[in-house]
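**Q** Which chain is which? The protein sequence lines are A and B, in order.
Position one of the first sequence corresponds to residue 1 (the working numbering), numbered consecutively onward.
Position one of the second sequence corresponds to residue 206 (the working numbering), numbered consecutively onward.
For glycine and all other residues, C-beta sits at the position ideal for the given N, C-alpha and C.
Values in this document were obtained by computation on a predicted structure and should not be read as measured data.
There are 2 protein chains.
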Amino acid sequence: MDALGVGSRGVVDVYSLSNYTFGTKRARGEKDATAAERLLRMRAQYEKEGKRRSVGAICMVSQHRTPHVLLLQITPTSFKLPGGRLRAGEGDVEGLARKMRNKLQPERDDGLEQYEFDIGDQVATWYRTSYEPQMYPYLPAHITKPKEEYRMFVAHLPEKCYFAVPKNLKLLAVPLFELYGNPGKYGAEIASIPHLLSRYRLNLE
Amino acid sequence: MDALGVGSRGVVDVYSLSNYTFGTKRARGEKDATAAERLLRMRAQYEKEGKRRSVGAICMVSQHRTPHVLLLQITPTSFKLPGGRLRAGEGDVEGLARKMRNKLQPERDDGLEQYEFDIGDQVATWYRTSYEPQMYPYLPAHITKPKEEYRMFVAHLPEKCYFAVPKNLKLLAVPLFELYGNPGKYGAEIASIPHLLSRYRLNLE
Chain A
1 MDALGVGSRG VVDVYSLSNY TFGTKRARGE KDATAAERLL RMRAQYEKEG
51 KRRSVGAICM VSQHRTPHVL LLQITPTSFK LPGGRLRAGE GDVEGLARKM
101 RNKLQPERDD GLEQYEFDIG DQVATWYRTS YEPQMYPYLP AHITKPKEEY
151 RMFVAHLPEK CYFAVPKNLK LLAVPLFELY GNPGKYGAEI ASIPHLLSRY
201 RLNLE
Chain B
206 MDALGVGSRG VVDVYSLSNY TFGTKRARGE KDATAAERLL RMRAQYEKEG
256 KRRSVGAICM VSQHRTPHVL LLQITPTSFK LPGGRLRAGE GDVEGLARKM
306 RNKLQPERDD GLEQYEFDIG DQVATWYRTS YEPQMYPYLP AHITKPKEEY
356 RMFVAHLPEK CYFAVPKNLK LLAVPLFELY GNPGKYGAEI ASIPHLLSRY
406 RLNLE
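(1) Just the chain A side, please: which residues come within less than 9 angstroms of F382 (chain B) by C-beta, in chain order?
(2) Identify every run of the alpha helix (DSSP H) within the stretch 239–264 of chain B, keeping only runs that are complete inside it and at least 4 residues long; order them along the chain.
(3) On the CB-based measure, 16 or more other CB atoms within 10 Å of its CB, does D323 (chain B) come out buried or exposed?
(4) Using a Cβ cut-off of 7 angstroms, pull out every chain B residue sitting near H195 (chain A), in sequence order please.
(5) Counting only beta-carbon separations shorter than 8 angstroms, does T271 (chain B) have a partner in chain A?
(6) Which residues of chain C have a Cβ atom closer than 8 angstroms to the Cβ of Y385 (chain B), listed in chain order?
(7) Could you tell me the boundaries of the alpha helix (DSSP H) in which L176 (chain A) lies?
(8) For the alpha helix (DSSP H) that contains M135 (chain A), what are its first and last residues?
(9) Considering only DSSP beta bridges, list what H142 (chain A) is partnered with.
(10) Among B:D314, B:H347, B:R290, B:M265, which one has its Cα closest to the Cα of Q63 (chain A)?
(11) Below 7 angstroms CB to CB, which residues in the same chain sit around G294 (chain B) once its five sequence neighbours on both sides are set aside?
(12) Tell me, please, whether the stretch 168–179 of chain A touches the stretch 31–49 of chain A by the rule of three or more beta-carbon pairs shorter than 8 angstroms.
(13) Using the Cβ count rule (16 or more neighbours within 10 Å means buried), how would you classify T226 (chain B)?
(14) Note down, in chain order, each residue of its chain lying with its Cβ closer than 6 angstroms to the Cβ of A396 (chain B), except the 5 sequence neighbours on either side.
(15) Closest to V93 (chain A) by C-alpha separation, out of A:G10, A:R151, A:S18, would be which residue?
(16) Buried or exposed: which applies to K365 (chain B), given that a residue is buried once 16 or more other Cβ atoms fall within 10 Å of its Cβ?
(17) Count the C-beta pairs between the stretch 129–142 of chain A and the stretch 74–82 of chain A that are closer than 8 angstroms, then say yes if the count reaches three, no if not.
(18) Could you pull the DSSP bridge partners for G288 (chain B) from this structure?
(19) Are the beta-carbon atoms belonging to N203 (chain A) and A27 (chain A) less than 8 angstroms from one another?
(20) Provide the residue span of the alpha helix (DSSP H) that contains Y150 (chain A), from first to last.
(21) Looking at C-alpha atoms only, which residue of A:G50, A:V14, A:T24, A:Y15 is the closest neighbour of T144 (chain A)?
(22) So, is E242 (chain B) buried or exposed, given that buried needs 16 or more other C-beta atoms within 10 angstroms?
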């Protein structure tokens, strides 16, 4: 345990947004037009496969020496972290790496440099108890069978890289102060990111 | 790194409230009658000693198989974690242990069994940027000299022990679901505890 008490990963190096380049790739992955459709699909999946396990990555960049989090904007009013549902039997880190390739990394046949994100600590677990948008950062009393368990990880970005963003999504860099205290706009999970990161020393470029 | 990705301390053993016994000891330590007086005193201290460094401990007990956090109630509307201000040059863990002895442990001459709390991971850092009640879980842009830095730690309780609570304070066990989404009552720091603990597996008795 180091001085920060968070093991060997108490520091996150955060590089300038200007280090990164951004392009697009083919649309993908958004199966539902509305939140209601998504919840209906989750119910059908639960009946077939049991609890949904999903993961998300907190990727940070620095702008004006202020930490920003990369968010994918799905619709004008909905945001999510890069990530998604794990396959049956798939490990958290393995599945998150697959989802990041799908959502942010260049295609293998693009001729662009390939790279991996370095997945760090798990920083939160959220539970969905019913087919509602709301999740909780604890398993509420009397809930023995949550419908979904969603784990958030810190991802350590390469110093420079090329992000290939599916055409149907927008990639935004949102400052921590904009997320803080703003669950109405970003949802409780994303609005809690400032709390979850506060134990780290952010080494801002 | 274990499967939870939080180092060797991914689990917190949480024992039943009924394991613990509670008594009182002499009043102590609340130097200010009001929040305004406290902020004025902080300003005077800052001018003399520089940035205030303070620490708090998240202690958990289980009741009805639901995790509860121990809070000290100062007035009917103000709550805090056991902890307080560090002395000049004092380490976080050393100072927090001193504060816990002061606030929760029996006096050495009480004839009661002595014990130590096992201070675990740091889970958050909060910054006070001005002499206002509000703190932030990040250092806001353009703030180079915060007035206070407050670090929150997980404390691992002994399986059984005797808590000696100063007569001027009340010790409460408050369930996570009561804290969640309730910064108006408990303050942003305490209301964030459910998020901060969510990455741990709570081993509830």
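**A** In short, the structure shows the following:
(1) Y136, Y138, P140, A141
(2) 240–254
(3) exposed
(4) A329, P342, S397, H400, L401
(5) yes
(6) Annotation note: the requested chain C is absent from the structure, which comprises protein chains A and B.
(7) 176–179
(8) Element bounds for M135 (chain A): n/a, residue is neither H nor E.
(9) Its beta-bridge partners do not exist; DSSP assigns none.
(10) B:H347
(11) none
(12) no
(13) exposed
(14) L384, N387, P388
(15) A:R151
(16) exposed
(17) no
(18) B:G261
(19) no
(20) Segment 148–156 is the beta strand (DSSP E) holding Y150 (chain A); no alpha helix (DSSP H) there.
(21) A:G50
(22) exposed
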